[in-house]
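Residue numbering for the sequence shown follows the numbering used here, beginning at -19 and increasing consecutively. Where a beta carbon is used, it is the ideal one built from N, C-alpha and C, also for glycine. Working notes for the structure below.
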Amino acid sequence: MLIWLAVVPTVAMGAQVAVTAERLLTQADHLRGDLAASKRIGEPLFRLMVELQAERKMTAARWAGVPVRDGDLRDRRAATDKAVAEFRRLSADSDAAPESGQAAEHVQDVKTRLEQLGAFRSRADARSGVAAQTMAYYDGVIDGITGLYQGAFSHAEDAGLLQESRPVVAMLSASEMLARQDTILTLAGPSRELTPTAFGEFLNDAGAHQHLYDTWVIPYLPPAARQTYEGITTSDAWKTKLRVETAVIAQHKITDSGMKLPAEVNDWSTAYPVFSAQLTELGNQRSRDLLAHADQKAAELEGDVYWLVGGSAGALLLVVAVVVVTTRSVLRRLRRLHERTVAIAEETLPDVVARLHRGQPVDDGALPAVRGDQDEVGQISDAFARVVAVSVDGHRQLAAERHGFGMFASGIASRTGNLVSRQLSLTEDIQDTFGHDEALLAELMRSDQLTVGMRRQIENLLILSGGEVPDPHTEPMRVADLLREAAAEVEDFRRIERHALDEASVEPSVISQISHLLAELLDNATRFSPPRSKVVIRAELVADGLSVEIEDRGPRVGESGYEEMNRRLHSAPPYAELAENAHRLGLFVVGHLAEQLGATVTLRRSVYGGTSAVVVLPGELLARTATPAASVTPPSRASASAAPEPGPEPAPTPAPAPVRRAVPEPVAHRAPADRPASAPALAQRTPALRSATGDGGGRPALPERVPQTHMTSQLRAPRAPEPEPGPGPDTPEEVADAWADYEEGTQKVEAELRQEQDQR
């Protein structure tokens, strides 16, 4: 738009200059044409008029009886014929040039009259007819020439030149009036007698001559020409003219044959050539001045055109330069403003918002500042700076509210986690006290598993609110034990198959985080796969660290579904998205833990049609060497799924007692405190189940179970004394076998309990 605003006025100005220059050039060309036409036609016309006037006077003298030699008359007529031939040639050349209708009409009229010149000459020689008719013929031809002469100066488009041409044409007509007076007096002859018609024409010509000078000549003469005219009118010849005219008017006598003129008319022939020549010279001088002025005016018009074009071109160049500089300056500032706005909107502002959300300080110098500029671009920049400031203030307030809410949620999670930890401790105490009751033990194991799941959900809340789950481990843990601990966090842990393909250990500071991450993925896999299907977790060393793959037999998921789930894994969600996906917070927790660990988690379709989750842990999280203690007594997160710590192998082999680590209290920040707890052993006896009513009446008593008849073979043997906590000589294979026996006994107890419930 700025470019169009600059181009349109410039083009309009250039078009106006072009139109004005064309108009001036056209006017100059017309003036040059009129000037050329005046020079080409004016002089021959004037010469033809003078020759016709002289021939008319000589014809009148011969008609009046004045002796005129035939040779003089032939010479006069030859001069007239020469002027006529020149006029005919010029008129033929002018036919090709565009003429006005009036000028063409005058030319044709003069040519028609000149064709009758020979006939009237014959009449004059034979004196046939009346002299007045012959004189009228000459008067008509000269009137046509005067009209042509007047038309040659009437096309000037300049008002000054048109006004200057009027006295020139008037002087030409006035000179014709004087020539007619001279012809009439010559026609009077020696007898000095005129017909009444000729006498009246003399008086009319005298009055017309004076009127033309008083009205159309003297008022328009310049001072020098007016002074020349005054010199002519004060000369003796002019005084003689006035005296003769006065005598003719006042002293004429009426006779039977006409009008008898006084004797003073004889002085006319002496004075007329003098003042007539002076007036003709004055007229010619005015004609030459008029042509010179026309030429000068045409040159001035052309000069004006050149100055107009040159000045306008310079002005246009200046305007264009100013417009280009201004437009480029404005566009450059707008471009900088656009680039700065885009950079702030796409880089600075997101970085500031991200820093605010992370609770980090923000440098206000990186944000645009209000400078108070007065121009429009500066005002827009200041307005944008105010918008950014308001936006940053809003995000700062939101970040503060989010941080406060996170601390609030972390506090709630910590308090609830304390309660859950106490619940787990209470469950341990009950197991220690009533472990001989198999039914109660099974229910306690189920309650313990649910409590562990509740604790994991509370830890999820703690993680999402910005807190950290403390890790009580002080020694590296083998990958096989880590997979076992993660599986123990899942309610359906019996469906999980573990495969540790490589001997490796992880650093103690990240054991809880990795275990929690894998537990969330395992829980998700068991929930969304068929109840009787297996979930396989395998771990092996790869080039980038440790790869853990979890594969289920769940339903098919489309590509868009995997893209959406992977997006949640790889980006920190806002609270709004967490609220919309409250039932699927596990993915966000996994993504948050993966970001803290520097790991990558990718969900994809498995070869069995289910979902495969691939976790790649960086090599920095792996321990350089594995300690034997870590492989003997791995701490467990759940009592129901914890690996038992076998004591010295007695005969017969006792059931391995599960080793439970103390459950850490979830807090907002990592705390290294770890409260160890004694490892309770399973009860050696199981009491019989009693009536649910407890009063023994009204309902038949439930069947009582015989002690130790439903226990596994290992539990029937006498209970061996529990060894002191510490490293044992058992190998990992022996520990795994003990764990399998423990799971077998638990499953058998649960099956019997379900059977008894069905019988009720």
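Residue i in three-state terms, based on DSSP
i	result
Thr591	strand
Leu(-15)	helix
Thr(-10)	helix
Thr582	strand
Thr0	helix
Glu529	strand
Glu600	helix
Pro253	helix
Ala112	helix
Gln411	helix
Leu347	coil
Arg641	Here Arg641 scores only 38 on pLDDT, less than 50, and its place in the model should not be relied on; the value that follows carries that caveat. Of the three classes helix, strand and coil, the one that applies to Arg641 here is coil, per DSSP.
Ser513	coil
Phe508	coil
Ser215	coil
His191	helix
Arg536	coil
Tyr341	The sequence given here has Pro at residue 341, not Tyr. DSSP places Pro341 in coil when its eight states are reduced to three.
Gln143	helix
Arg366	helix
Arg266	helix
Ala58	helix
Gly352	coil
Arg223	helix
Gly169	coil
Asp9	helix
Arg49	coil
Val149	helix
Val90	helix
Glu471	coil
Ala159	helix
Asp524	coil
His496	helix
Whole-angstrom C-beta distance between residue j and residue i, which should lie under 8 Å
i	j	result
Arg464	Lys514	About 16 Å; that fails the 8 Å criterion.
Leu336	Ala379	4 Å
Asn546	Thr591	With 8 Å as the limit, Asn546 and Thr591 do not qualify as a contact, their Cβ atoms being about 11 Å apart.
Leu158	Ile212	No, Leu158 and Ile212 are not in contact; Cβ-Cβ is about 12 Å, not under 8 Å.
Thr163	Arg36	5 Å
Ala1	Val285	5 Å
Asp524	Gly599	7 Å
Leu549	Ala574	7 Å
Gly124	Arg93	6 Å
Gln161	Phe182	6 Å
Thr321	Phe364	6 Å
Gln411	Leu404	The Cβ separation is near 10 Å, so there is no contact.
Ala150	Leu97	Not a contact, Cβ separation roughly 27 Å.
Ala111	Ala40	7 Å
Thr506	Val537	No, Thr506 and Val537 are not in contact; Cβ-Cβ is about 16 Å, not under 8 Å.
Ser485	Ala603	4 Å
Val596	Ser527	5 Å
Glu438	Thr396	Residue 438 is actually Ile in this sequence, not Glu. The Cβ separation is near 5 Å, so the contact holds.
Strand pairing of residue i, partner residues [DSSP]
i	result
Met239	Leu174, Ile234
His479	Arg518
Ser485	Arg458
Interface flag, residue i vs chain B, CB-CB below 7 Å
i	result
Ala346	The displayed structure is made up of one protein chain only, and chain B is not part of it.
Limits of the unbroken alpha helix (DSSP H) element including residue i
i	result
Ser427	418 to 444
Pro24	23 to 43
Arg101	97 to 106
Leu201	Element bounds for Leu201: n/a, residue is neither H nor E.
Asn546	539 to 550
Gly571	565 to 577
Residue i: CB within 6 Å of a non-hydrogen atom of the ligand ATP
i	result
Leu174	In the structure shown, the ligand ATP is absent, as is every other ligand, since no ligand is present at all.
Quick check on the DSSP output: what are the complete alpha helix (DSSP H) runs of length 4 or more inside the stretch 274 to 337, in order along the chain? 329 to 337
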